[in-house]
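Q: Structure below; questions to follow.
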Amino acid sequence: MSHLTCQFIYNSAQRETPLPSSGFAIDLAHQPQSAHQLIKLGFSPRKDLPIVLLTDAAGKLRVVGLRLSPEEAELLVHGRAFAQGELMLYSATWCPECRRVKQRLAEAEIPYAEVDLDTDVRAEALVIEHSGGRRVVPTLKFDDRLYVFNPDPSLLARLLDSAPPVPALDGNPGGS
């Protein structure tokens, strides 16, 4: 996944928003029909803007950033993370990519909580909704503002290496 396409979605009628240096800008004030895409993903065109969507060459959603400052949007359009809080990993025990992500998180000493999508139907529904209708594992959710769906190793490394340290979750530095 060497190249991701970026959509920056905002509403100039709500507030003035500086545009990031790259990506496709979609202004809901001039293209209100584009709000349907956000609604289908379970995000609010009123409360969650500005939003960055990164998709791969096959059109699969890989990263969603919500309620972004101009600085955060600029980082995200370049595949870099911004300051994040709690990390939730949605995974499955049978998933080799999940094991790869857990190993990378452990190496980086990044604390996280984990939910098994095979045993938690509510978590599974959340991932399916926010990923565009796909049951994607692993899915990483940072502080309810950044969703990352089955990142390739280079994207995961860029996101984790550029993110400031996150606070420990109940003293649990390696999952739950």
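Just so you know, we're using the working numbering here: the sequence shown kicks off at -4 and counts up by one.
Every residue gets a Cβ at the ideal spot worked out from N, C-alpha and C, and that includes glycine.
Leaving out the 5 sequence neighbours to the left and right, which residues in its chain are closer than 8 angstroms to residue 150 when beta-carbon positions are compared?
A: Counting only Cβ-Cβ distances below 8 angstroms, and skipping sequence neighbours, we find -4, -1, 57, 58, 74 and 143.
Q: Applying the criterion that 16 or more other CB atoms from any shown protein chain within 10 Å of the CB defines a buried residue, is residue 19 buried or exposed?
A: Answer is exposed; the Cβ neighbour count stays below 16.
Q: Quick one: grab the DSSP three-state call for residue 22.
A: In the structure shown, residue 22 sits in a strand (DSSP, three-state: E or B).
Q: Is residue 141 closer than 8 angstroms to residue 107 when the C-beta atoms are compared?
A: Taking 8 angstroms as the Cβ cut-off, residue 107 and residue 141 do not qualify as a contacting pair.
Q: For a quick check, are the C-beta atoms of residue 85 and residue 112 less than 8 angstroms apart?
A: Yes, the pair counts as a contact, with Cβ atoms nearer than the cut-off.
Q: If distances are taken between C-alpha atoms only, which option among 17, 32, 36 and 10 comes closest to residue 24?
A: Of 17, 32, 36 and 10, the residue nearest in Cα terms is 10.
Q: Determine the direct distance from the alpha carbon of residue 72 to that of residue 49, and round the result to whole angstroms.
A: The straight-line gap from Cα to Cα measures roughly 8 angstroms.
Q: Considering only C-alpha positions, which residue in the set 67, 118 and 109 is nearest to residue 15?
A: Ranking the options by Cα distance to residue 15, first place goes to 67.
Q: Please report the Cβ distance between residue 119 and residue 36, rounded to the nearest whole angstrom; I am assuming they are in contact, meaning their Cβ atoms lie under 8 angstroms.
A: Residue 119 to residue 36, Cβ: 16 angstroms. No contact.
Q: Enumerate in chain order the residues of its own chain whose CB-to-CB distance from residue 22 is below 7 angstroms, with the five nearest sequence positions on each side excluded.
A: So the list reads 5, 6 and 7, once near-sequence residues are dropped.
Q: Just list the residues that DSSP pairs residue 2 with in beta bridges.
A: The partner list for residue 2 (beta bridge, DSSP) reads 19 and 48.
Q: Tell me which same chain residues have a C-beta within less than 6 angstroms of the C-beta of residue 172, skipping the five on either side of it?
A: It is not possible to answer for residue 172, since the shown part of the chain is limited to -4 through 171.
Q: Is the separation between the beta-carbon of residue 154 and that of residue 30 shorter than 8 angstroms?
A: Cβ distance not < 8 angstroms, so residue 154 and residue 30 don't count as in contact.
Q: So, with DSSP's three-state summary, where would you put residue 97?
A: Three-state DSSP puts residue 97 in a helix.
Q: Look up residue 82 in the DSSP assignment and say whether it is helix, strand or coil.
A: Three-state DSSP puts residue 82 in a strand.
Q: Do you know how far the Cα of residue 12 is from the Cα of residue 80?
A: Each residue's Cα considered, the two are about 24 angstroms apart.
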